[in-house]
Each structure stands twice: as structure tokens, then as C-alpha cells.
Amino acid sequence: MIKCIASDMDGTLLNSYQQVSQENKEAILKAQSQGIEVVIATGRSYQEVRFVLDEADLQCPAICVNGAEVRTKEGEILSATPIEKHVAKKAAEKLMEMDIYFEVYTNKGTYSLDPNKAVAIIVDIVVSANPEVKPEDVVKRAKERTLHGLVHQVESYDVLFNDETHQIYKLFGFALDSDRREAAENALEELTELAVSSSGHNNLEITHRNAQKGIALETFVKSKGIDITETMAMGDSFNDISMLERVGRAVAMGNADYEIKTICDVITATNDEHGVAQAILEVL
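Here it is as C-alpha cells:
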């Protein structure tokens, strides 16, 4: 029996307009009404998760920044797994050496040196998950990250690295040049304290090695008295693998990468066809 349902956001819970469909919302509410724990598991910051859930009028606990932070549905921090500052600095230096644009996710939100590239990084995630969508159609929604204060501009990331009140959760790299991305990923392998994954064709998600969705989900369900085998997880991309490999029922979205589909038990409809709702209703 499924007692917990974990859902990725981009390319999974969210449609190509970056919104929770009414069908998905109703399925989540139905699961919650039956006592099933529904948790969001995403690479996004809590601030971005909250923005989307508030828009949909949903309340769910959240595994944020790929597991670097776990919050209750009320927003209380249950756990945090930041990257040590000296390691974050080394990773940042390697990305800069490779001319890789990156954002820094912290306990106080997301920071960027270039608002235009901050838009590009979201467009990449959305278009990777929704190949039929035109990039220009995503730009307006992506710009909301800055307009609503979800991404803050700074002149230098040293402000974050040198401030004790900022915890570094993730470096989110982006480059269209695959050779540079691969070189950066290889260079980052030297930093064994880190885990590197991706949520789009052109990005790198760099977190603490213990800040992974699967690890965070396993800890979360255990705290609720739920076994990981009683958990269903839904996802579409490579940063979902750690949780899809652990759960009792792994669901790949119809729009997921082929490699993701091969490791899952079930393939549901696409994110634009309310695949999350379909998968939830099948187990209720």
C-alpha cells in the first residue's frame, strides 16, 4: 500500500506553462484526504516551490534544492545539507575557469550575476522537459523568477561565500557548449564531497553528496513512520534517479528521458496530459 507520494516539479507536476493543472491538484487533494503524504521533491529553492504551490492553493512538505533542504508544509526547516564554504568556492572557481554561467542557491534564496542568463537556465529546463514548446513562449514565465524576487542579483558571489549567515545549497551551472559542460563535470569529480546531476540538457546541478532527492526522501518517510517501499515517486530527469531507484513504485513521466523510463516500474502520461494525476489515481 502506498503511504507517501513524491513528485518532481519541472517536467512532472508542472505542465509546459509551469503551472499545476487542475487535474493534478485534485488528485493531490484526493490523496491527502485519504491520509497519504504528498511531498514535492525538486531542484528548485523553497521560495520557488512556495510560489508555485501558493498559485495552485496547495499545501505540501517539500524536498528542495535536490535534497539540500527539507521543509514542512508550513515552511519549517526539517533538515539542511549545505556545501562547505571552501568546497563551494573551489567548485565555483572550476566553473568560472570553464566559462560556465552558474547561480548560487542558499538558505536565503537564489542569486545570479546575470538576470538574462537566469531566464535562460529556466528556459532550458522547461524546453528539455517539453521539446514541443517554443523557447520564446517560456521566457515570460521564466522572467517571473526575477520579477517576484525569486532570484536576486549580486555583483559577486564572494558576498555569499564570505557571509556566515548564508549556507550554500547548490551551484546551478548552465552552458550550451557540451564540451565545456563535460570538462566542468570532469573537473568537479576531484571534489568528492559533491554530487553532480542535471535537470535539463544544458545544465549541471552541484550539491553536497548527501543532498540528493533519494537520500532526503528516505529520511523524510522514515520520520513519518513510512517505509521507502510504501512510497511512490514520479520524475522525468536525471536528478530524479536517486529517488526513483529507492522507492517501492517508480513512475516515469511520458515525457521523461529514455534512460529514466528504463529504471521505472510504470510510465504515466506526459506532464501536459496530467500524468501525475493519472499515476496518483491508479494507486488510490
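Residues 39 to 322 (the working numbering) make up the sequence shown, in order.
Note that the Cβ used here is the ideal one computed from N, Cα and C, for glycine as well.
Counterpart residues of residue i in DSSP-defined beta bridges
| i | result |
| --- | --- |
| H246 | L232 |
| M272 | S45, V289 |
| N241 | F212 |
| C102 | E107 |
| S59 | S59 is not bridged to any residue. |
| L52 | V58 |
| S150 | Q191 |
| F140 | G211 |
| E75 | C42 |
| S117 | V108 |
| I305 | A290 |
Member of the options whose CA lies at the smallest distance from the CA of residue i
| i | options | result |
| --- | --- | --- |
| A249 | M291, K208, V77 | K208 |
| R287 | N293, Y296, T306 | T306 |
| H239 | L214, E182, N224, G252 | L214 |
| S236 | V164, Q205, H204 | V164 |
| A130 | Q97, L242, M281, V90 | L242 |
| K127 | I298, I318, I74, E231 | E231 |
| V90 | P120, K299, V76, Q57 | Q57 |
| E135 | D175, K123, R219, E75 | R219 |
| V161 | K172, G113, V87 | K172 |
| H204 | K299, L96, D92, K123 | K123 |
| T148 | K260, R183, A167 | R183 |
| T308 | E320, L319, A290, D175 | A290 |
Supposed contact pair residue j and residue i - C-beta distance, whole angstroms, cut 8 Å
| i | j | result |
| --- | --- | --- |
| L229 | V125 | 6 Å |
| D303 | S275 | The Cβ separation is near 17 Å, so there is no contact. |
| D310 | S54 | 5 Å |
| A222 | G211 | 7 Å |
| A233 | T245 | 5 Å |
| K251 | N277 | 7 Å |
| L322 | Q70 | Not a contact, Cβ separation roughly 11 Å. |
| C102 | K111 | Actually they do not touch by this definition, with Cβ atoms about 13 Å apart. |
| T257 | S117 | 7 Å |
| M281 | A79 | 6 Å |
Contact test: residue i Cβ vs the ligand ATP heavy atom, cutoff 6 Å
| i | result |
| --- | --- |
| E75 | Looking at this structure, you won't find the ligand ATP or any other ligand, since it has none at all. |
Three-pair Cβ contact test at 8 Å for the region 41-55 versus the region 256-265: yes
Notebook entry, point to check: Can you find at least 3 beta carbon pairs, one from the region 141-154 and one from the region 196-208, that sit closer than 8 Å?
Noted result: Yes: the two stretches touch, three or more of their Cβ pairs being nearer than 8 Å.
**Contained beta strand (DSSP E) runs [length at least 3] in the region 175-239, N- to C-terminal order** = 189-191, 206-212, 232-235
| said: Counting beta carbon pairs with one atom in the region 268-283 and one in the region 45-63, are three or more of them shorter than 8 Å? | reply: yes
Exercise. Report yes or no: do the region 64-82 and the region 310-321 share at least 3 C-beta pairs separated by less than 8 Å?
Key: yes
Tell me, please, whether the region 107-114 touches the region 73-89 by the rule of three or more beta-carbon pairs shorter than 8 Å. Counting Cβ pairs under 8 Å, three or more are found: they touch.
Next on the checklist: Across the region 150-161 and the region 175-195, are there enough close Cβ pairs to call them in contact, namely three or more that are closer than 8 Å?
Outcome noted: yes
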